[in-house]
Amino acid sequence: MIDVLYFAWVRERIGVPRETVDTQAATVADLVAELIARDDYHAAAFADLRALRVAVDQELTGFDAPLKGVREVAFFPPMTGG
Amino acid sequence: MIDVLYFAWVRERIGVPRETVDTQAATVADLVAELIARDDYHAAAFADLRALRVAVDQELTGFDAPLKGVREVAFFPPMTGG
Amino acid sequence: MTVRVQTEAFDAGAELNAFAAATTGAGAVVSFTGIVRDVADGLLHMRIEHYPGMTERAISGMVDQALGRWGLMDALVIHRHGDLAVGAPIMMVATAAPHRAAAFEAADFLMDYLKSRAPFWKQEVTADGATWVAATVDDEDALKRW
Amino acid sequence: MTVRVQTEAFDAGAELNAFAAATTGAGAVVSFTGIVRDVADGLLHMRIEHYPGMTERAISGMVDQALGRWGLMDALVIHRHGDLAVGAPIMMVATAAPHRAAAFEAADFLMDYLKSRAPFWKQEVTADGATWVAATVDDEDALKRW
Numbered sequence: 017m018i019d020v021l022y023f024a025w026v027r028e029r030i031g032v033p034r035e036t037v038d039t040q041a042a043t044v045a046d047l048v049a050e051l052i053a054r055d056d057y058h059a060a061a062f063a064d065l066r067a068l069r070v071a072v073d074q075e076l077t078g079f080d081a082p083l084k085g086v087r088e089v090a091f092f093p094p095m096t097g098g
Numbered sequence: 017m018i019d020v021l022y023f024a025w026v027r028e029r030i031g032v033p034r035e036t037v038d039t040q041a042a043t044v045a046d047l048v049a050e051l052i053a054r055d056d057y058h059a060a061a062f063a064d065l066r067a068l069r070v071a072v073d074q075e076l077t078g079f080d081a082p083l084k085g086v087r088e089v090a091f092f093p094p095m096t097g098g
Numbered sequence: 169m170t171v172r173v174q175t176e177a178f179d180a181g182a183e184l185n186a187f188a189a190a191t192t193g194a195g196a197v198v199s200f201t202g203i204v205r206d207v208a209d210g211l212l213h214m215r216i217e218h219y220p221g222m223t224e225r226a227i228s229g230m231v232d233q234a235l236g237r238w239g240l241m242d243a244l245v246i247h248r249h250g251d252l253a254v255g256a257p258i259m260m261v262a263t264a265a266p267h268r269a270a271a272f273e274a275a276d277f278l279m280d281y282l283k284s285r286a287p288f289w290k291q292e293v294t295a296d297g298a299t300w301v302a303a304t305v306d307d308e309d310a311l312k313r314w
Numbered sequence: 169m170t171v172r173v174q175t176e177a178f179d180a181g182a183e184l185n186a187f188a189a190a191t192t193g194a195g196a197v198v199s200f201t202g203i204v205r206d207v208a209d210g211l212l213h214m215r216i217e218h219y220p221g222m223t224e225r226a227i228s229g230m231v232d233q234a235l236g237r238w239g240l241m242d243a244l245v246i247h248r249h250g251d252l253a254v255g256a257p258i259m260m261v262a263t264a265a266p267h268r269a270a271a272f273e274a275a276d277f278l279m280d281y282l283k284s285r286a287p288f289w290k291q292e293v294t295a296d297g298a299t300w301v302a303a304t305v306d307d308e309d310a311l312k313r314w
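Chains as they are written, first to last, in the working numbering: chain A, 17 to 98; chain B, 17 to 98; chain C, 169 to 314; chain D, 169 to 314.
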């Protein structure tokens, strides 16, 4: 079970800020493929991966990151702090 | 008549912070030559011109600056503000 | 190191004084304050979303890096989230170092990293609705300086 | 533009707040505060001599240059002279601009110019006597950045 979090317009497109996913996905990219298959909302949110960033257990990483032992994955657009 | 001002160790070597000089010197360099001829204190202060900076009427300039119409000349070491 | 992520406003001057007073031996203190600017069509407010937990972690990581790289005596980051009015302080960085170059560079570095590596997302709310602020290529390029 | 040359101490936080409050439309405010540091053999105080008249004129000139070059909304310089104790504020610069890069660069520029082009001379007074602080080649080289 992995907690999947969404922020900013990714959260808006998906419609919820977080969901718990029962998955055996080996990498973030595999998890994304499973999420896209769920419904049109997920498909719309993940339509262009270049517009997205991913954090695994609160560390920024890439879509090829492994998910073994991971508790939390977050998807969001490029950050605009400061 | 020109007011000549001295700051920091230049002032200390000459012994006074300012003096009024009756001069026909055409440039700062000519004025310096006149001052050096005055006494050992002036000679010591102007021994190494590379260690000195000059301002004419409160604007930083060079030793070749003309003195026509000038009211105030100041000599000092490189500045250490900030 | 002080890192605060909060909805409440803060008093930049009071924070600067407290930061400087707590730091002995520094010859140089630099501060940056970010303030909500109005936009062409009239900003009702700036809304800032963040990722609780990761935000503190990401900021602490970049402050640690700055402390080591520039030999800072101390550094402070305060960043707000929630709805912020025009003219309100958004965030603040302060750095203390023996000399000015280190204090300046470290503050500049922290600003560049906060902009693109701290999980905040800004939204401009006007009478026409809410628009997510897009990250710029310049923001990402700024990181390459370091 | 505010330029103050004074013997009195100043409250950097209060100055920062007053400066920011007087400036509308700025998105970025940067401040620099210089503080008297102790030296190896124990500083009794830092003595700062200046050239009254030329000091204000030189600083106003560099602030004018910064306002134009970086499109600042406003800038502030406060510089003390006289005898200053360890830990006391020596001087302060603040800049306000629409965006952060301009505010940072302008403050950095003003510091470099104040260091080498404003007529102040620092003297370190210890139990052994008074020593004039020498300008460094680095200080002069710093001006070439601009």
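Idealized CB from N, CA, C, for every residue including glycine.
List the whole-angstrom C-beta distance separating residue i from residue j, where the pair is believed to meet the contact cut-off of C-beta under 8 Å.
i, j, result
"B/Ala90", "B/Leu21", "4 Å"
"D/Met260", "D/Leu282", "D/Met260 to D/Leu282, Cβ: 10 Å. No contact."
"A/Thr96", "C/Lys312", "Not a contact, Cβ separation roughly 18 Å."
"D/Ala253", "D/Thr263", "Not quite, the Cβ-Cβ distance comes to about 27 Å (not below 8 Å), so this is no contact."
"A/Thr43", "A/Leu76", "At roughly 16 Å, the Cβ-Cβ gap does not stay under 8 Å, so A/Thr43 and A/Leu76 are not in contact."
"A/Ala41", "A/Glu50", "6 Å"
"A/Leu68", "A/Val26", "7 Å"
"D/Phe288", "D/His247", "7 Å"
"D/Leu212", "D/Thr294", "6 Å"
"A/Ala53", "A/Asp80", "The pair is not a contact, with the Cβ atoms about 19 Å apart (cut-off 8 Å)."
"A/Val86", "A/Val70", "With 8 Å as the limit, A/Val86 and A/Val70 do not qualify as a contact, their Cβ atoms being about 11 Å apart."
"D/Met241", "D/Ala194", "5 Å"
"A/Val31", "A/Tyr57", "In the sequence as presented, Val is not what sits at residue 31 of chain A; that position holds Gly. About 6 Å separates the two Cβ atoms, so the contact holds."
Could you confirm whether any beta carbon from chain D is found closer than 7 Å to the beta carbon of residue i?
i, result
"B/Ala61", "no"
"B/Gly104", "With chain B represented from 17 up to 98, any question about residue 104 of chain B goes unanswered, as that position is not in the structure."
"C/Arg268", "yes"
"C/Met222", "no"
"C/Phe277", "no"
"C/Ser284", "no"
"B/Ala81", "no"
"C/Phe200", "yes"
"C/Arg172", "no"
Hey, is residue i's beta-carbon within less than 7 Å of any beta-carbon in chain C?
i, result
"A/Val77", "Checking the sequence, you will find Thr at residue 77 of chain A rather than Val. No, no contact with chain C."
"A/Gln40", "no"
"A/Phe23", "yes"
"A/Ala133", "This structure leaves residue 133 of chain A out entirely; chain A is present only between 17 and 98."
"A/Pro33", "no"
"D/Arg237", "no"
"A/Ala71", "yes"
"D/Leu392", "This structure does not reach residue 392 of chain D, given that chain D is present from 169 up to 314, and the question cannot be answered."
"D/Leu244", "no"
Across which residues does DSSP place residue i in a beta bridge pair?
i, result
"D/Trp289", "D/Glu217"
"C/His247", "C/Val173, C/Met259"
"D/Trp300", "D/Gln291"
"B/Ala18", "Rather than Ala, the amino acid found at residue 18 of chain B in this sequence is Ile. B/Ile18 pairs with B/Val37."
"D/Ala265", "D/Ala196"
"C/Leu211", "C/Thr294"
"C/Leu252", "C/Met214"
"C/Asp242", "C/Ala264"
Chain A beta carbons: is any one of them nearer than 7 Å to that of residue i?
i, result
"C/Phe272", "no"
"C/Trp289", "yes"
"C/Gly181", "no"
Compare the C-beta of residue i against all C-beta atoms of chain B and say whether one is closer than 7 Å.
i, result
"D/Arg225", "yes"
"D/Ala303", "yes"
"D/Gly297", "no"
"D/Trp300", "yes"
"D/Glu217", "yes"
Is the region 208-227 of chain D close to the region 175-186 of chain C, with three or more CB pairs under 8 Å? Result no; under three Cβ-Cβ pairs closer than 8 Å.
Stretch pair the region 72-91 of chain B + the region 18-34 of chain B: three plus CB contacts closer than 8 Å: Yes: at least three Cβ pairs fall under 8 Å.
Ordered list of alpha helix (DSSP H) runs contained in the region 40-96 of chain A, each at least 4 residues: Runs of alpha helix (DSSP H) with 4 or more residues, each lying fully within the region 40-96 of chain A, are found at 44-52, 56-61, listed in chain order.
Please give the ranges of any beta strand (DSSP E) in the region 180-209 of chain D, keeping only runs that are unbroken, at least 3 residues long and fully inside the region. Counting whole runs of 3 or more residues, the region 180-209 of chain D contains the beta strand (DSSP E) stretches 196-203.
Sufficient close CB pairs (3 or more, under 8 Å) joining the region 224-237 of chain D to the region 203-210 of chain D: Between the region 224-237 of chain D and the region 203-210 of chain D, the count of Cβ pairs shorter than 8 Å is below three; the stretches do not touch.
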